[in-house]
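To start, the structure itself, in structure tokens.
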Amino acid sequence: MTDKRPLRSAQWFGSADKNGFMYRSWMKNQGIPDHEFQGKPIIGICNTWSELTPCNAHFRKIAEHVKQGVLEAGGYPLEFPVFSNGESNLRPTAMLTRNLASMDVEEAIRGNPIDAVVLLTGCDKTTPALLMGAASCDVPAIVVTGGPMLNGKHQGKDIGSGTVVWQLSEEVKAGKISIHDFMAAEAGMSRSAGTCNTMGTASTMACMAEALGTSLPHNAAIPAVDSRRYVLAHLSGMRIVEMVHEDLRLSKILTREAFENAIRLNAAIGGSTNAVIHLKAIAGRMGVELELDDWTRVGRGTPTIVDLQPSGRFLMEEFYYAGGLPAVIRRLGENGLLPNPQALTANGKNLWENCKDAPIYGDDEVIRQLDNPLRADGGICVLRGNLAPKGAVLKPSAASPELMQHRGRAVVFEDFDDYKARINDPQLDVDETCVLVMKNCGPKGYPGMAEVGNMGLPPKVLAKGITDMVRISDARMSGTAYGTVVLHVAPEAAAGGPLAVVRNGDFIELDCANGRLHLDIPEAELQARLAAWQPPQGLLWDGGYRRLYVDHVLQADEGCDFDFLVGCRGSAVPRHSH
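The numbering of the sequence shown is full-length UniProt numbering, which starts it at 1 and goes up by one.
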């Protein structure tokens, strides 16, 4: 294909002067022949490979298949590393460095001779970080996810990544299984390359990338070790070259209509609450207005039809074999539940063109019919009230229906350390009717808003056979977790939100049907407590990235991006370096 549009990379490689000489000459030390610089689109492969991010440890092989596709289509691939934001190892939380990774991506794209980029994503925060960075540059971009692990196996049964950890650890505390039984599941949970095989945040964000139109169909669910994952990588490499010729930039794909489709699909798949924060952050980089209330307007009333852990029974392997996300899109679309079927996608077709004939397998077990949903209303529940003036969220598909309307006495933990120190105490004044409240675990307070919101229950409650209680915090929780857990309370406690002044013995009312979260004390009492509140000690760090984070991070309802990163800064070529 002949492209008459000037290539961005030509501003490095397309001149016969001193600067062109330098840019080409140093690149040629890698054995690149001169003709590769003569008008071919330069495709950056943004790789989050790292052995410290086990979900992404197979990305070198995926990158090679992307390169084959780029070369076949007449482009030239150049791979580069960015910060690998691994959920499983990073402390205090990968959320702390999501914005740092996005900055790495943005500046790497803008400052280098790149016409378009392939984003290799997988582990939870790598998907939003790479999309945020690329969106701020607004270049042609396509997502290639690493894919989920094979089903975990333990004692002859399938077990799900993360979900089984929460289940078995509670059973140990309840005295139902031994520590030996618990440890025996460790090797069987993670038995292949890939991300969590449940509908955790990694799988959710892979689905969101596909729902937004930033990937080819089926990107979300193909298992990491399935050869079709490498075929998709190859085809994505081919497609990104065409996107350069078509000038198909992210701003043409990441529209408000695309985000509305993603919200609806998140409800249908039983997706992670983390999607609320990440989609807001991505939208903010693109200049798209997206608010918490959009999750109520678009998402509520949508049935959850994907029967996957932690909400249901199956795992990502079965989801792919049943048809994956295109099958879900078809099922919604045929029933008039796809908000914007004409939304453009990375392959140049609209979402409905891609999915209207998608096959659905599995006798409606994994991907259910709409009249037999896993949950009739699976949309993220947005809560507001005097305890959460800027909002909080709850995932209905993973909650206990009988607790979705509840009033209980608060048992308060000042922070995560306080919770860990006291939760197992037999003298803790708590029963199953209480509401567990944890403070100072939000963006500023932790810092980074760790996934600690799904507090394990007190052993004295577990011993009664109780498996769920209402829990409230300004933290997040893993997408692999479950329970009647209120998260993302904003403003957070460390920022002086009302959560900061909840006391033991206060009564709290949760009413999901009406979106209400209420601290049952007089308004004058609440205001008096807030006036007397003092920020927790040690919140401000002496320096470094953590100080930058605490000083500039936005609250959960705003996506937890940095205030100075919101918006699209474009891909104008910077001045020469020499």
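Glycine included, C-beta positions come from ideal geometry on N, C-alpha and C.
- Taking a contact to require three or more Cβ pairs closer than 8 Å, the region 87 to 99 and the region 59 to 68 do not qualify as touching.
- For A463, the number of other beta carbons within 10 angstroms of its own is below 16, and it is reported as exposed.
- Burial check for I367: the Cβ neighbour count within 10 Å reaches 16 or more, so the residue is buried.
- Here K157 is bridged, per DSSP, to H154.
- As DSSP reads the structure, L383 sits in a beta bridge with A392.
- Judged by DSSP in its simplified three-state form, A268 adopts helix.
- When beta bridges are read from the DSSP output, E79 appears opposite I45.
- The three-state secondary structure of N440, taken from DSSP, is coil.
- In this structure, DSSP gives G570 a state outside helix and strand, which the three-state scheme calls coil.
- Assignment of V66 by DSSP, reduced to helix, strand and coil, places it in the helix class.
- When the beta-carbon positions are compared, S84 and T201 stay at least 7 Å from each other.
- Excluding residues up to 5 positions away in sequence, D468 and T484 lie with their Cβ nearer than 7 Å to the Cβ of S400 in the same chain.
- Shown here, E257 sits in a helix according to DSSP, grouped into three states.
- In the DSSP assignment, N350 forms a beta bridge with L344.
- T433 counts as exposed, since fewer than 16 other beta carbons sit within 10 angstroms of its beta carbon.
- Distance between V550 and P443, taken at the CA atoms: about 7 Å.
- Counting of Cβ neighbours within 10 angstroms places M243 among the buried residues, the total reaching 16 or more.
- Within the model, the alpha-carbon separation for T198 versus G497 is close to 33 Å.
- The alpha-carbon separation between R8 and G378 amounts to approximately 44 Å.
- In this structure, the CA atom of P303 is about 7 Å from the CA atom of L370.
- The three-state reading of DSSP puts P128 in helix, counting H, G and I together.
- Contact between V139 and L119 does not hold, since their C-beta atoms are separated by about 11 Å, which reaches or exceeds 8 Å.
- Look at G299 here: in three-state DSSP terms it is helix.
- The straight-line gap separating the alpha-carbon atoms of D181 and Q405 is approximately 36 Å.
- DSSP places S136 in the helix class (H, G or I) of the three-state scheme.
- Each residue's CA atom was taken as its position, placing E291 and H245 some 34 Å apart.
- When the beta-carbon positions are compared, G86 and T53 come within less than 7 Å of each other.
- Spanning the alpha carbons of K125 and G188 requires a straight line of approximately 24 Å.
- DSSP places S178 in the coil class of the three-state scheme, outside both helix and strand.
- Relative to the Cα of A57, the nearest Cα in the group S311, A193 and N274 belongs to A193.
- Within the region 8 to 41, the complete alpha helix (DSSP H) segments at least 4 residues long are 10 to 13 and 18 to 27, listed from N- to C-terminus.
- As computed with DSSP, H518 is found in a beta bridge with E509.
- The C-beta distance from G559 to A343 rounds to 21 Å, too long to meet the 8 Å contact threshold.
- Distance from the CA of A322 to the CA of D307, rounded to the nearest whole angstrom, comes to 11 Å.
- For G333, no beta strand (DSSP E) run applies; the uninterrupted alpha helix (DSSP H) run containing it begins and ends at G324 to E334, by DSSP.
- Here the C-alpha atom of P426 lies approximately 7 Å from the C-alpha atom of K460.
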